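Enquirer:
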Amino acid sequence: MVMMTVTSCNSFKINVNLENSNGKTVYLQRYDGDKMNNMDSVVAKDNKAVFKVKKNENLDALCIMINGWRRPLTFFADNQDVTITGDYQNYNGINVLASESQEKLNKFMAEVNNIEDEQEIYYYVLDFAKQNIDNPIAPYAVYRYKWAFSLNDLENLYEAMPADMHSTYKDLVVGYIKGLQLTEVGMPYLDFTQKDVNGEDFTLSSVIGKSKIVILDFWASWCPDCRKENPGLVAAYNEFKNKGLDIVSVSFDTNEEAWKKAIADDNLSWKNHVSDLKGWSNATADLYTIAYIPQNIIIDADGIIIKKNVPAERLKELLSSLLN
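Quick note on the working numbering: the sequence shown kicks off at 59 and runs consecutively.
1. Using 8 Å for Cβ pairs, my map puts Cys284 next to Ile351. What's the rounded Cβ distance?
2. For Ile235, collect the residues of the same chain with a Cβ closer than 8 Å to its Cβ; drop the 5 residues on either side in sequence, then sort them by chain order.
3. What residue does the alpha helix (DSSP H) around Val183 start on, and which one ends it?
4. What does Lys319 pair with, by DSSP beta-bridge criteria?
5. Can you look up Ile348 in the DSSP assignment and give me helix, strand or coil?
6. If we ignore side chains and look at the alpha-carbon of each, how far apart do Tyr149 and Ser159 end up?
7. On a CA-only basis, which of Trp338, Leu303 and Asn325 is nearest Asp311? Give me that one, please.
8. With which residues is Ile72 paired in a DSSP beta bridge?
9. If we ignore side chains and look at the alpha-carbon of each, how far apart do Asn73 and Asp98 end up?
10. Can you give me the Cβ contacts of Met223 inside the same chain, cut-off strictly under 8 Å, excluding the 5 residues immediately before and after it?
11. Smallest Cα separation from Val272: which of Leu291, Glu258, Ala135 and Asn256?
12. In or out: Glu161 buried (at least 16 other Cβ within 10 Å) or exposed?
13. Given that a residue counts as buried once 16 or more other Cβ atoms are within 10 Å of its Cβ, and exposed if not, what is Trp127?
14. On a CA-only basis, which of Val170, Lys329, Val200 and Ser269 is nearest Asp229? Give me that one, please.
15. Can you tell me where the alpha helix (DSSP H) with Lys286 in it begins and where it stops?
16. Buried or exposed: Asn367, going by 16 or more other Cβ atoms within 10 Å of its Cβ?
17. Is the segment 231–247 touching the segment 314–326 in the sense that three or more CB pairs, one from each, lie closer than 8 Å?
18. Taking the runs of the alpha helix (DSSP H) that are 4 residues or longer, which of them lie wholly in the segment 187–267?
19. Which value, in whole angstroms, describes the spacing of the CA atoms of Met94 and Ser225?
20. Could you tell me how far apart the beta carbons of Ser263 and Asp249 are, in whole angstroms, since I believe they sit closer than 8 Å?
21. Output the boundary residues of the alpha helix (DSSP H) element that contains Phe166.
22. Just grab the DSSP bridge partners of Gln147 for me.
23. Classify Gln353: buried if its beta carbon has 16 or more other beta carbons within 10 angstroms, exposed otherwise.
24. Under a three-way DSSP split, which group does Trp338 fall into?
25. Pop quiz: Asn137 and Lys110 are said to be a contact at Cβ under 8 Å. What is the actual Cβ separation, rounded to whole angstroms?
26. Check each candidate in Pro282, Lys301, Ala293 and Thr347 and name the one with the smallest Cα separation from Ser327.
27. Between Ala322 and His331, what straight-line distance do the alpha-carbon atoms span, to the nearest angstrom?
28. Over what stretch of residues does the alpha helix (DSSP H) that includes Lys374 continue unbroken?
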């Protein structure tokens, strides 16, 4: 009896009860910064799966994953029992009852999902992170919405986090910061080689210096916002291509035919279109620390990054000042 009591005190349970999950393998995972590691797996019986987890000083996020989901379900147990309910087929409707940290995160996610304006999202996430800066949910929220922050914001938030905090997401934040520092305005471009639409190697350095301005454009055929930006990009190219402008488009596509079709449909007539067809795992996107699309990086003839993320409606004005 004593042994059973000690074992119980040293562990907690994760109870997964998801409709339509019967017979599916449920994976318990933890992200180590490089990849998601499987800690355990259970085949759901009667739509239920239970994990017994040893308590740990590391209160970082845990995840469950089931084949068919696009991403793992992340939660903070804080060494307390967790109950996960809902429908396997309705990922966004799944409820997580766990620690006080998770309750805060639930309220945060519910609120931020109802905000449409990106500037409002920025202020809301910033306030949440500041209020919870001593808790691992802060770096998780910051990293999840990292696209909303400037480099200076991220540096300040990271410095405010406790030095001894156990958090993979804190490590991811600092890694993201280092990547942004390498691609800030004023830094030299980073060279890369990737396959073009003909399967031939294209290297960025082959066009730097040959044109006065090179726009490095990150997009995908499946990205609605990218497709909305394309007409403005095409208009800018047509007006300035004979004045020293070139464009290199890096696609996040995984489907080669869809990629090529979008190039043709949107009249992206410049020569250099590249992709490794690995989606969000695109190596060039990783090199340039691209967390969302569309994005662009504008490089001068000396290979120096002079502007970043210029909206299509402002491109002509900028290019006119640089090339006329």
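A virtual CB, placed ideally from N, CA and C, is assigned to each residue, including glycine. All of these numbers come straight from a predicted model, not from anything done at the bench.
Expert: So, to answer that:
1. Position 226 of the sequence shown, counted from the first residue, corresponds to residue 284. Position 293 of the sequence shown, counted from the first residue, corresponds to residue 351. Indeed, because the Cβ distance is near 6 Å, the residues count as touching under 8 Å.
2. Locating residue 235 in the sequence shown gives position 177, where the first residue counts as 1. Excluding residues within five positions, the ones whose Cβ falls inside 8 Å are Leu209, Leu212, Glu213 and Tyr216.
3. Your numbering for residue 183 matches position 125 in the sequence shown. Looking at the DSSP string, the run of the alpha helix (DSSP H) that includes Val183 is Glu176 to Gln189.
4. Position 261 of the sequence shown, counting from 1, holds the residue named residue 319. According to DSSP, residue pairing for Lys319 in a beta bridge does not occur.
5. Here residue 348 refers to the residue found at position 290 of the sequence shown. Ile348 sits in coil when the DSSP states are folded into three classes, being neither helix nor strand.
6. Position 91 of the sequence shown, counting from 1, holds the residue named residue 149. Position 101 of the sequence shown, counting from 1, holds the residue named residue 159. Their Cα atoms are separated by approximately 21 Å.
7. As a position in the sequence shown, residue 311 is number 253, starting the count at 1. Of the listed residues, the one whose Cα sits closest to Asp311 is Trp338.
8. In the sequence shown, the residue the question calls residue 72 occupies position 14. Note: Ile72 sits in a beta bridge opposite Phe109 and Val140.
9. On the sequence shown, position 15 is the one that residue 73 refers to. On the sequence shown, position 40 is the one that residue 98 refers to. Distance between the alpha carbons of Asn73 and Asp98 is about 13 Å.
10. Locating residue 223 in the sequence shown gives position 165, where the first residue counts as 1. Hits under 8 Å: Asp192, Pro194 and Pro197.
11. On the sequence shown, position 214 is the one that residue 272 refers to. That would be Leu291, whose Cα lies nearest to the Cα of Val272.
12. Within the sequence shown, residue 161 is the residue found at index 103, counting from 1. By the 10 Å Cβ count, Glu161 comes out exposed.
13. Position 69 of the sequence shown, counted from the first residue, corresponds to residue 127. That one is exposed.
14. The count along the sequence shown starts at 1 and reaches residue 229 at position 171. The candidate whose alpha carbon is nearest that of Asp229 is Val200.
15. Translated into the one-based positions of the sequence shown, residue 286 becomes position 228. Per DSSP, Lys286 belongs to the alpha helix (DSSP H) from Pro282 to Phe298.
16. Within the sequence shown, numbered from 1, the residue matching residue 367 stands at position 309. Exposed is the call here.
17. no
18. 195–202, 209–218 and 226–240
19. For this step, residue 94 is matched to residue 36 along the sequence shown. For this step, residue 225 is matched to residue 167 along the sequence shown. Using only the alpha carbons, I get a separation of about 14 Å.
20. By one-based count along the sequence shown, residue 263 stands at place 205. By one-based count along the sequence shown, residue 249 stands at place 191. Yes, they are in contact, since the Cβ atoms of Ser263 and Asp249 sit about 5 Å apart, within 8 Å.
21. What you label residue 166 is simply residue 108 of the sequence shown in a count that begins at 1. Run containing Phe166: Glu158 to Val170, per the alpha helix (DSSP H) assignment.
22. Taking the first residue of the sequence shown as position 1, residue 147 is located at position 89. Bridge partners of Gln147: none, in fact.
23. Here residue 353 corresponds to residue number 295 of the sequence shown, with the count starting at 1. Buried, by the Cβ-count rule.
24. As a first step, residue 338 is located in the sequence shown; it is residue number 280 there, counting from the start. Helix, per DSSP.
25. Walking along the sequence shown from the start, residue 137 turns up at place 79. Walking along the sequence shown from the start, residue 110 turns up at place 52. 12 Å between Cβ atoms; not a contact.
26. One-based indexing of the sequence shown puts residue 327 at position 269. Nearest of Pro282, Lys301, Ala293 and Thr347 to Ser327, Cα basis: Ala293.
27. Mapped onto the sequence shown, residue 322 falls at position 264. Mapped onto the sequence shown, residue 331 falls at position 273. Cα to Cα, the separation comes out at about 11 Å.
28. On the sequence shown, residue 374 is found 316 positions in, with the first residue counted as 1. Lys374: member of the alpha helix (DSSP H) spanning Ala370 to Leu381, first to last residue.
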